[in-house]
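A.B. asks:
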Amino acid sequence: MEQAEHIAYWLKSAEHDLESAETLFQHQRYDWCLFLGHLVIEKVLKAFFVRDNPQSPVPQIHNLTKLANRTNLQFTPEQQALLVQITQFNIQARYPDYKFEFYKKCTLEFTKTYFAKIKELYQWLLQQM
Numbered sequence: 393m394e395q396a397e398h399i400a401y402w403l404k405s406a407e408h409d410l411e412s413a414e415t416l417f418q419h420q421r422y423d424w425c426l427f428l429g430h431l432v433i434e435k436v437l438k439a440f441f442v443r444d445n446p447q448s449p450v451p452q453i454h455n456l457t458k459l460a461n462r463t464n465l466q467f468t469p470e471q472q473a474l475l476v477q478i479t480q481f482n483i484q485a486r487y488p489d490y491k492f493e494f495y496k497k498c499t500l501e502f503t504k505t506y507f508a509k510i511k512e513l514y515q516w517l518l519q520q521m
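Under my numbering, the letters of the sequence shown match residues 393 to 521, in that order.
(1) Indicate whether N464 and D444 have their beta-carbon atoms separated by less than 7 Å.
(2) How many whole angstroms separate the CB atoms of A413 and V436, which I take to be in contact at a CB cut-off of 8 Å?
(3) Under a Cβ-count criterion, where at least 16 other Cβ atoms within 10 Å of its own Cβ denotes burial, should A439 be classed as buried or exposed?
(4) Which one of T415, D409, F417 and H419 has the shortest CA to CA distance from L428?
(5) Could you please give the first and the last residue of the uninterrupted alpha helix (DSSP H) stretch that includes F441?
(6) Take V442 and list the residues in its own chain whose beta-carbon comes closer than 8 Å to its own, dropping the five residues that flank it on each side.
(7) Could you check whether T503 and L475 sit closer than 7 Å to each other, using their CB atoms as the reference points?
Below is the structure:
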């Protein structure tokens, strides 16, 4: 796959996941909405990784901070803190030990707040591309 195609693949996949997250939010599946929100940001960061590291294979990691650090993007301290928080949505939604606690945490207000931040970060990332 050519570099441009590889980048387009990650961005299209992120866009698809964002649409799915919107549907989950509308259907009050807040925990899975935020889980997919994590995937949206992960996939956009992987597009940047491909752009910034054309000779390297895409890392199979889910830690957004580690992934972001392997790009040429410059994040504000607030954005860096948000990446840490969003990474937790991946862990907490995926593993049984955390799942129920995460489910309880994902109220309408909590999810609305973080989903808005995810969408804002997504738009900012697209502008950087």
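Idealized CB from N, CA, C, for every residue including glycine. Note that this is a predicted model, so its numbers are computed, not measured.
C.D. replies: By the coordinates alone:
(1) Counting from 1 along the sequence shown, the entry for residue 464 is found at position 72. Counting from 1 along the sequence shown, the entry for residue 444 is found at position 52. Between N464 and D444, the gap from beta carbon to beta carbon is short of 7 Å.
(2) Reading the sequence shown from its first residue, position 21 is the one you call residue 413. Reading the sequence shown from its first residue, position 44 is the one you call residue 436. The Cβ separation is near 13 Å, so there is no contact.
(3) Within the sequence shown, the letter at position 47 stands for residue 439. By the 10 Å Cβ count, A439 comes out buried.
(4) Within the sequence shown, the letter at position 36 stands for residue 428. Distances from the CA of L428 to each of T415, D409, F417 and H419 were compared; the closest alpha carbon is that of D409.
(5) Start at 1 with the first residue of the sequence shown, and residue 441 comes out as number 49. It spans Y422 to D444 - the alpha helix (DSSP H) in which F441 sits, taken as one unbroken run.
(6) One-based indexing of the sequence shown puts residue 442 at position 50. Within the same chain, Cβ atoms closer than 8 Å to the Cβ of V442 are found at Q395, H398, I399, W402 and V450, the five residues on either side in sequence being excluded.
(7) Residue numbering aside, residue 475 sits at position 83 when the sequence shown is read from its first letter. Residue numbering aside, residue 503 sits at position 111 when the sequence shown is read from its first letter. Not in contact: L475 and T503 (Cβ atoms no closer than 7 Å).
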